[in-house]
Amino acid sequence: MDKAYVRQGKTKGKSNLILSVAKGLLISAVIACAAVFIGCAAAMKFDDPIKSAPIFGVGAMMLGSFFGGFFSAKFYGERGAATGVLFGAIYVLIVAVASLIFGARVTTAAFAIIAPTAVLVALLGGIAGTKGRGAKKKKRKSF
Numbered sequence: 020m021d022k023a024y025v026r027q028g029k030t031k032g033k034s035n036l037i038l039s040v041a042k043g044l045l046i047s048a049v050i051a052c053a054a055v056f057i058g059c060a061a062a063m064k065f066d067d068p069i070k071s072a073p074i075f076g077v078g079a080m081m082l083g084s085f086f087g088g089f090f091s092a093k094f095y096g097e098r099g100a101a102t103g104v105l106f107g108a109i110y111v112l113i114v115a116v117a118s119l120i121f122g123a124r125v126t127t128a129a130f131a132i133i134a135p136t137a138v139l140v141a142l143l144g145g146i147a148g149t150k151g152r153g154a155k156k157k158k159r160k161s162f
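Read in order, the letters of the sequence shown are residues 20 to 162 in the numbering used here.
Dropping the structure here:
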């Protein structure tokens, strides 16, 4: 096997797990930020945007978690469930640390519900990422 190919962290076309999860985290951050901006704009249409903002925030977190798990598994290429769970655990850890740093008031009950849900959503994204990888493309009919 070529040594330069092994040094890049790839063997037989397979990507490094940690690198795949890191790429998934970057994509997840972009998607979650876009969803938060859209959610904030939508919340401004309500009478009391402060009450509806947490719903959009949790929705953005779940959206980012799903697509992060999906793309992490897509980049890694196999073991979608394990890749999704690893991504979800790191994602929840980053969100928890960011909440502590920025002083967000998150109750223990809310964290006990949101954290496992985010890991589960990332797991589903990881499974979807590997299942969609081998999907057959439909042949287009030419006229």
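Yeah, the Cβ is synthetic: ideal placement off N, Cα and C, and Gly gets one too.
>> Assess contact between the stretch 85-96 and the stretch 138-148, defined as three or more Cβ pairs (one per stretch) separated by less than 8 Å. Is contact present?
In response: Contact holds between the stretch 85-96 and the stretch 138-148, because three or more Cβ pairs, one in each stretch, are under 8 Å apart.
> Excluding sequence positions up to five away, which residues of its chain have a Cβ less than 6 Å from the Cβ of Phe106?
Replying inline: Val40, Gly43, Gly87, Gly88, Ser91 and Ala141, listed in sequence order.
> Do three or more CB pairs link the stretch 114-134 to the stretch 92-106 at distances below 8 Å?
Replying inline: No: the two stretches stay apart, fewer than three of their Cβ pairs being nearer than 8 Å.
> Where does Lys42 sit, in a helix, a strand or coil, going by DSSP?
Replying inline: DSSP, read as helix, strand or coil, puts Lys42 in helix.
>> Could you tell me the alpha carbon to alpha carbon distance between Ile113 and Val77, rounded to whole angstroms?
In response: Using only the alpha carbons, I get a separation of about 15 Å.
>> Taking 8 Å as the limit between beta carbons, can you name the residues of its chain near Asp21, skipping five residues before and five after?
In response: In this prediction, Asp21 scores a pLDDT of 48, lower than 50, which makes its location untrustworthy; the coordinate-derived value is nonetheless stated afterwards. For Asp21, where only same-chain residues beyond five positions count, there are no Cβ hits under 8 Å.
> Would you call the CB atoms of Gly83 and Ala62 closer than 9 Å?
Replying inline: Not in contact: Gly83 and Ala62 (Cβ atoms no closer than 9 Å).
> Do you know offhand how far Ser47's Cα is from Ala79's?
Replying inline: When rounded, the separation of the alpha-carbon atoms in Ser47 and Ala79 is 10 Å.
> So what does DSSP say about Ala61, is it helix, strand or coil?
Replying inline: Here Ala61 sits in helix by DSSP.
>> Can you give me the C-alpha to C-alpha distance between Ala100 and Tyr110, rounded to a whole angstrom?
In response: Distance between the alpha carbons of Ala100 and Tyr110 is about 15 Å.
>> Once the 5 residues before and after Ser71 are set aside, which same chain residues still bring their CB inside 6 Å of it?
In response: Taking Ser71 as the centre and dropping the five residues before and after it, the same chain places the C-beta of Ala62 and Phe65 closer than 6 Å to its C-beta, in chain order.
> How long is the line joining the alpha carbons of Phe121 and Thr102, rounded to whole angstroms?
Replying inline: Straight-line measurement puts the Cα of Thr102 at about 28 Å from the Cα of Phe121.
>> Is it buried or exposed, Phe85, if we count other Cβ atoms within 10 angstroms and call 16 or more buried?
In response: The residue in question, Phe85, is buried, as its Cβ has 16 or more Cβ neighbours within 10 Å.
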